[in-house]
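Read through the structure below, which is laid out as structure tokens, and then see the notes.
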Amino acid sequence: MTRFDLAHWDLYNADQVGRAPRQLCRDLLARAGEGAGRQAVDLGAGSGVEAAALVRAGWRVLAVDPAPATADLVPRQVPPALRAGLQVRVAAVQDVFPLPGAHLVHASYALPFVPPSQFARVWDGVRAALAPGGWLGVTLFGERDGWATDPAMADVLTFHPWAEVDRLLDGLDVLVVDEREHDGPAFGGTKHWHTFEVVARRLR
Ligand SMILES: C[S@@+](CC[C@H](N)C(=O)[O-])C[C@H]1O[C@@H](n2cnc3c(N)ncnc32)[C@H](O)[C@@H]1O
Numbered sequence: 141m142t143r144f145d146l147a148h149w150d151l152y153n154a155d156q157v158g159r160a161p162r163q164l165c166r167d168l169l170a171r172a173g174e175g176a177g178r179q180a181v182d183l184g185a186g187s188g189v190e191a192a193a194l195v196r197a198g199w200r201v202l203a204v205d206p207a208p209a210t211a212d213l214v215p216r217q218v219p220p221a222l223r224a225g226l227q228v229r230v231a232a233v234q235d236v237f238p239l240p241g242a243h244l245v246h247a248s249y250a251l252p253f254v255p256p257s258q259f260a261r262v263w264d265g266v267r268a269a270l271a272p273g274g275w276l277g278v279t280l281f282g283e284r285d286g287w288a289t290d291p292a293m294a295d296v297l298t299f300h301p302w303a304e305v306d307r308l309l310d311g312l313d314v315l316v317v318d319e320r321e322h323d324g325p326a327f328g329g330t331k332h333w334h335t336f337e338v339v340a341r342r343l344r
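Counting from 1 along the sequence shown, just add 140 to a position and that's the residue number in the working numbering.
As structure tokens, this is what we get:
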């Protein structure tokens, strides 16, 4: 197993089961309101904790993640009576385009794991999927993240200086950019984290 191969993500995601939905997801839900059957997409859905929170709030959710256990793990987070509201694709986001039109796109700690060579296409696909009025919540990694200087990560992960984050959000109504920098735990160790948590909305 190497760092960030799919076996790694299966272990990571299994470890996440039972925690509360992340703040980014809760913030999106507070702003976007009840899904009332509207379409949401959770990219890099991981354990399915956030996908389940979205389904519970009445969203129809497409959960996308390439980790093999996704097919089993994500539905298990959703009560059986609500599972009709969940669709799971075991795939990398760059392999599922075009995404369905969505009123909410959530991608927590997932898009940085799209390789730099694919990121622009993925970002264009995410923007294209956002319906008018649709909500976007994403985590991006900043340029001072500890992994950014690791040569083994250079072709694997995508990092953005603030100016690029700003450009990626061009034309959206940007409600939150929470830039954080701290030393803290990572799966299997400690690292310097530099992240941007973004909540934005397509106006028209
Ligand atoms: C740090 S975990 C985050 C999972 C979850 N969103 C969360 O917040 O706990 C990163 C997830 O991204 C997934 N992932 C990695 N590369 C991906 C890609 N190209 N497209 C979609 N998901 C990807 C991994 O399988 C893993 O489940």
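We put the CB at the ideal spot given by N, CA and C, even for glycine.
Bear in mind that the values here come from a model prediction, so they are computed numbers and not experimental data.
Would you tell me roughly how many angstroms separate the C-alpha atoms of residue i and residue j, rounded to the nearest one?
i: P161; j: G186; result: 12 Å
i: D205; j: D182; result: 9 Å
i: A154; j: R223; result: 19 Å
i: Q163; j: P291; result: 31 Å
i: A326; j: P220; result: 32 Å
i: E274; j: W263; result: Before going further, note that residue 274 is Gly rather than Glu in the sequence given. Roughly 15 Å separates the two Cα atoms.
i: W287; j: L169; result: 30 Å
i: E190; j: D318; result: 19 Å
i: A197; j: E174; result: 5 Å
For residue i, report the span of its beta strand (DSSP E) as first-last.
i: P325; result: 313 to 326
i: W333; result: 329 to 341
When you measure from the CB of residue i to every non-hydrogen atom of ligand 1, does any distance come out below 7 Å?
i: Q234; result: yes
i: E190; result: yes
i: L168; result: no
i: W149; result: yes
i: R229; result: no
Tell me the DSSP secondary structure of residue i in three-state form.
i: L239; result: coil
i: Q163; result: helix
i: V214; result: helix
i: F299; result: strand
i: W275; result: strand
i: V228; result: strand
i: L183; result: strand
i: A350; result: Within the shown structure, residues of the chain are numbered from 141 to 344, placing residue 350 beyond reach of any answer.
Using 7 Å as the cut-off, classify the Cβ of residue i as near or not near the heavy atoms of ligand 2, replying yes or no.
i: D318; result: Only ligand 1 can be found as ligands here, which leaves ligand 2 out of the picture.
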